[in-house]
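> Quick note: the sequence shown uses this note's numbering, first residue 29, plus one each step. Pasting a structure below so you can have a look.
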Amino acid sequence: MKTCIYNNSIALGKAAGKAAAQLIRNAISSKGSANIILATGTSQFETLKELVSAKGIEWNKVVMFHLDEYISLPVTHPASFRKYLQERFLSHVPTLKNAWLINGETNVEKECERLGNVIQEHPIDVALIGIGENGHLAFNDPPADFETEEPYIVVELNEACKNQQMGEGWFQSVDEVPQKAISMSIKQILKSKHIICSVPGARKARAVKNTLEKEISNLYPSTILHAHNNCTLYIDEDAAATLNHETKEKITLYQQQLKIYNARIITPHKIIENGSILVTGEKITAVSERNIEAKGAIEIDAKGKYVSPGFIDIHVHGGGGHDFMDGNETAFLKIAELHARYGTTSMLPTTLTSSKEELLRTLAIYERANKKNTNGAQFLGMHLEGPYISMNQRGAQDARYIRNPVADEYHEIVSSTSCIKRWSSAPELKGSMELGRFLKSKNILPAIAHTDAIYEEVQEAFGNGYTLITHLYSAMTGVTRRNAYRYAGVIESAYLIDEMDVEIIADGVHLPPPLLKLVYKIKGPDRIALITDSMRAAGMPEGESILGSLHNGLKVIVENGVAKLPDRSSFAGSVATANRLLKTMVEMAGVPITDAVKMLTATPARILNISDIKGELTVGKDADIVIFDDDFTIQKTIIQGKILLYGQVATGPY
Ligand SMILES: [Zn+2]
Numbered sequence: 029m030k031t032c033i034y035n036n037s038i039a040l041g042k043a044a045g046k047a048a049a050q051l052i053r054n055a056i057s058s059k060g061s062a063n064i065i066l067a068t069g070t071s072q073f074e075t076l077k078e079l080v081s082a083k084g085i086e087w088n089k090v091v092m093f094h095l096d097e098y099i100s101l102p103v104t105h106p107a108s109f110r111k112y113l114q115e116r117f118l119s120h121v122p123t124l125k126n127a128w129l130i131n132g133e134t135n136v137e138k139e140c141e142r143l144g145n146v147i148q149e150h151p152i153d154v155a156l157i158g159i160g161e162n163g164h165l166a167f168n169d170p171p172a173d174f175e176t177e178e179p180y181i182v183v184e185l186n187e188a189c190k191n192q193q194m195g196e197g198w199f200q201s202v203d204e205v206p207q208k209a210i211s212m213s214i215k216q217i218l219k220s221k222h223i224i225c226s227v228p229g230a231r232k233a234r235a236v237k238n239t240l241e242k243e244i245s246n247l248y249p250s251t252i253l254h255a256h257n258n259c260t261l262y263i264d265e266d267a268a269a270t271l272n273h274e275t276k277e278k279i280t281l282y283q284q285q286l287k288i289y290n291a292r293i294i295t296p297h298k299i300i301e302n303g304s305i306l307v308t309g310e311k312i313t314a315v316s317e318r319n320i321e322a323k324g325a326i327e328i329d330a331k332g333k334y335v336s337p338g339f340i341d342i343h344v345h346g347g348g349g350h351d352f353m354d355g356n357e358t359a360f361l362k363i364a365e366l367h368a369r370y371g372t373t374s375m376l377p378t379t380l381t382s383s384k385e386e387l388l389r390t391l392a393i394y395e396r397a398n399k400k401n402t403n404g405a406q407f408l409g410m411h412l413e414g415p416y417i418s419m420n421q422r423g424a425q426d427a428r429y430i431r432n433p434v435a436d437e438y439h440e441i442v443s444s445t446s447c448i449k450r451w452s453s454a455p456e457l458k459g460s461m462e463l464g465r466f467l468k469s470k471n472i473l474p475a476i477a478h479t480d481a482i483y484e485e486v487q488e489a490f491g492n493g494y495t496l497i498t499h500l501y502s503a504m505t506g507v508t509r510r511n512a513y514r515y516a517g518v519i520e521s522a523y524l525i526d527e528m529d530v531e532i533i534a535d536g537v538h539l540p541p542p543l544l545k546l547v548y549k550i551k552g553p554d555r556i557a558l559i560t561d562s563m564r565a566a567g568m569p570e571g572e573s574i575l576g577s578l579h580n581g582l583k584v585i586v587e588n589g590v591a592k593l594p595d596r597s598s599f600a601g602s603v604a605t606a607n608r609l610l611k612t613m614v615e616m617a618g619v620p621i622t623d624a625v626k627m628l629t630a631t632p633a634r635i636l637n638i639s640d641i642k643g644e645l646t647v648g649k650d651a652d653i654v655i656f657d658d659d660f661t662i663q664k665t666i667i668q669g670k671i672l673l674y675g676q677v678a679t680g681p682y
């Protein structure tokens with residue numbers, strides 16, 4: 029069980045509600061619907077308030093179940109949980125696919141059976157629950173029945189439980205509280221894939237202490253939450269007040285606050301001079317044009333420098349002397365650390381064209397490295413570049429492994445992992461449309477790369493899910509001529525198809541300033557992602573390096589900020605870091621800084637479909653923040669609330 033402590037019940041509710049909203053959106057995007065359980069009571073006020081205001085939830089795809097209800101209490105009574113859900117939830121959201129409320133005024137055995145049958149058909153994605161003053165979950169008072177397989181049961185309420193209900197003001201006297209209730213059973217609650225448990229307030233301090241400090245026992249029903257794999261306990265300072273010191277030390281996600289003030293904050297539309305940002309735990313909890321009062325927060329004086337969302341690099345191969353294909357976890361971790369120093373807070377590690385075995389090995393290494401990546405830019409998933417690309421447009425990709433898409437092969441690769449987020453291939457190859465549709469169905473972004481396609485092929489590809497063009501201008505067709513006839517190529521297609529996203533290597537070398545200006549002029553900041561596409565020599569002194577594999581890669585020379593073949597006939601990879609992309613766009617291409625930042629933050633976040641958590645400095649988003657000066661030199665990188673200093677997580681305070 030993870031535990032998060034917040035300053036107050038409002039901050040707690042915001043965090044819990046946002047987490048719930050994200051899980052609901054995730055469930056809908058992966059399987060088309062979401063099944064949820066909602067609790068009632070004072071503890072859920074702020075969490076539900078946040079949840080109903082969450083954006084982007086298709087509520088007509090949500091099925092709601094109700095945790096518990098009194099027996100024989102009229103729906104009109106102020107304490108009725110049906111009334112509560114109606115007033116605090118159902119009336120604030122569009123009509124759900126279904127809302128299975130518990131009717132306590134009917135034949136209760138039949139009601140338990142009716143709802144039990146339905147919930148068994150609906151595996152629960154997320155349960156929002158609380159913990160009672162006596163430690164109960166739903167109305168399972170101690171000693172709770174941990175064994176029953178029945179989804180809904182009839183229970184007797186004990187005195188402590190009744191006192192709580194009166195204490196919270198739902199009833200005038202204890203005698204008025206019903207004797208019995210219908211409750212979801214413990215086993216049914218634990219079947220939920222995710223559990224979000226909100227427990228604010230001093231009245232719950234004892235229950236929270238027992239939950240966190242007692243062994244699992246039915247005398248303290250909430251201790252059973254330790255047995256669940258995906259449960260997060262949200263508490264506030266008041267509820268955490270009596271925890272002993274060791275418990276607080278053990279809580280991994282103690283919500284330390286961080287305040288950045290005296291900041292030139294870059295938002296998508298403007299710059300806020302002298303603003304301040306408050307971070308609580310991993311999230312941004314306030315952005316203000318004035319100073320924010322935050323007692324006990326770690327304070328960072330930005331000294332009037334730029335404060336921007338963290339940079340998102342959706343195409344990167346290496347840095348610091350390492351390549352993601354080096355075959356070890358250290359390479360992943362070192363590359364992430366290197367780029368974090370230059371302002372990248374999240375990235376898509378990218379592979380090169382290679383054998384199936386090597387790709388599978390790299391994906392497996394990703395999974396292991398991802399769990400250890402605490403000092404570097406966050407990994408957002410893998411980007412596979414090749415091997416299904418055009419031989420003619422291979423650039424520096426290894427010709428031995430270039431092939432057409434093979435369904436058996438890509439099915440095997442995709443099913444070996446859940447980490448693939450993007451796949452770059454040439455759409456004119458046989459089988460590419462099927463590949464595009466398959467990737468789309470797996471929530472993987474198909475991208476157009478290393479390609480000889482003409483406009484008609486790009487248009488068809490767009491209709492089959494290929495909505496992004498990989499490093500525009502590099503390794504692709506412009507206008508070509510076959511006999512007397514001219515054909516528009518991928519570059520023209522990028523301009524003609526308004527909704528097509530493009531990424532550009534904005535190191536100032538791969539594309540000269542006039543081309544950077546042209547792409548910006550036509551596509552605009554909402555359709556362009558700036559990428560480094562950098563190889564292992566990024567962040568290293570200039571001189572000799574190797575492109576690709578350490579064993580049989582290509583010897584290259586790094587000079588004047590780019591890698592070249594030894595005979596200098598061609599570029600052989602970028603050595604850019606993210607801050608250099610920004611500097612290039614502003615100083616060489618004359619782009620306003622707000623737009624340049626957008627192309628490194630909000631736009632790549634939108635392309636990866638993670639705008640709800642990343643890409644802007646707004647309340648509720650991940651606290652991925654970069655501070656840099658007028659020369660685009662990075663002063664500080666903050667990733668999900670953690671301050672990185674020289675590649676190290678600082679333990680603070682500063
Ligand atoms: Zn690349």
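Every residue, glycine too, gets a C-beta built ideally from N, C-alpha and C. Keep in mind that this is a model prediction, so the values were computed, not measured.
If you drop the 5 nearest sequence neighbours on each side, which residues of the same chain put their C-beta closer than 7 Å to that of TYR682?
Note on TYR682: pLDDT 24, under 50, position unreliable in the model; the coordinate value appears next. Counting only Cβ-Cβ distances below 7 Å, and skipping sequence neighbours, we find ILE326 and ILE328.
> Where does ASN403 sit, in a helix, a strand or coil, going by DSSP?
If DSSP states are grouped into helix, strand and coil, ASN403 belongs with coil.
> Between which two residues does the beta strand (DSSP E) containing ALA557 stretch?
Taken as a continuous stretch (DSSP letters only), the beta strand (DSSP E) holding ALA557 covers 556 to 559.
> Would you decide whether VAL684 is buried or exposed? Buried here means 16 or more other CB atoms lie within 10 Å of its CB.
The shown model of the chain, from 29 to 682, leaves out residue 684, and the question about it has no answer.
> Counting only the same chain and skipping the five closest in sequence on each side, list residues whose C-beta sits under 7 Å from that of VAL146.
Correct list, in chain order: TRP128.
> Taking C-beta to C-beta, are GLY163 and TYR248 nearer than 8 Å?
Yes, Cβ-Cβ distance for GLY163 and TYR248 is below 8 Å.
> Identify whether THR134 lies in helix, strand or coil by the three-state DSSP scheme.
DSSP places THR134 in coil when its eight states are reduced to three.
> So, GLY536 versus THR631, is the Cβ gap smaller than 8 Å?
Contact flag unset, no.
> SER602 bridges to which residues according to DSSP?
In DSSP, SER602 forms a bridge with SER562 and VAL590.
> So the alpha helix (DSSP H) CYS447 belongs to, where does it begin and stop?
Note, CYS447: premise wrong, no alpha helix (DSSP H); not H, not E.
> I'd like the list of long-range same chain contacts for ALA435, defined as Cβ closer than 6 Å, with 5 residues on each side in sequence excluded.
The answer is none, since no qualifying residue turns up.
> Bridge partners for SER226 per DSSP, in chain order?
Answer by DSSP bridge pairing, in chain order: TYR262.
> So, are the CB atoms of VAL183 and SER211 less than 8 Å apart?
The answer is yes: Cβ separation under 8 Å.
> Give the range of the alpha helix (DSSP H) segment to which ALA188 is assigned.
Counting along the chain, the alpha helix (DSSP H) containing ALA188 begins and ends at 187 to 195.
> Taking the C-alpha atoms as reference points, what is the distance between VAL136 and SER100?
About 9 Å.
> For LYS331, is the classification buried or exposed, using 16 other Cβ atoms within 10 angstroms of its Cβ as the cut-off for buried?
Exposed is the call here.
> Among SER453, GLY571 and ILE497, which residue has its Cα nearest to the Cα of VAL547?
Per the Cα distances, ILE497.
> Could you give the distance in angstroms between the alpha-carbon of LEU598 and the alpha-carbon of PHE339?
Note that residue 598 is Ser in the sequence shown, not Leu. So the alpha carbons of these two residues sit roughly 28 Å apart.
> Measuring only the C-alpha atoms, how far is ALA44 from ARG564?
Their backbone Cα atoms lie some 40 Å apart in a straight line.
> Between the Cα of SER502 and those of HIS94, ASN511 and LEU544, spot the shortest distance and give me the residue it belongs to.
That would be LEU544, whose Cα lies nearest to the Cα of SER502.
> Between ALA397 and the rest of its own chain, which residues show a CB-CB distance below 7 Å, the 5 nearest in sequence each way excluded?
Excluding residues within five positions, the ones whose Cβ falls inside 7 Å are GLU357, PHE360 and LEU361.
> Between GLU386 and ligand 1, is the CB less than 7 Å from at least one heavy atom?
GLU386 Cβ: outside cutoff for every heavy atom of ligand 1.
> Alpha carbon to alpha carbon, how far is ASN238 from GLU437? Give it in angstroms, no decimals.
So the alpha carbons of these two residues sit roughly 52 Å apart.
> Under 7 Å: does the beta carbon of THR270 sit that close to some heavy atom of ligand 1?
Checking the Cβ of THR270 against ligand 1 gives no.
> Can you tell me the Cα-Cα spacing of ARG509 and ILE519, whole angstroms?
Each residue's alpha carbon lies about 15 Å from the other.
> Would you say the beta carbon of HIS367 is closer than 7 Å to some non-hydrogen atom of ligand 1?
Not under cutoff, so the answer is no.
> What residue does the alpha helix (DSSP H) around GLY45 start on, and which one ends it?
That run of the alpha helix (DSSP H) goes 37 to 59.
> Taking 7 Å as the line, does the beta carbon of HIS343 fall inside it for any heavy atom of ligand 1?
Answer for HIS343: yes, Cβ within range of ligand 1.
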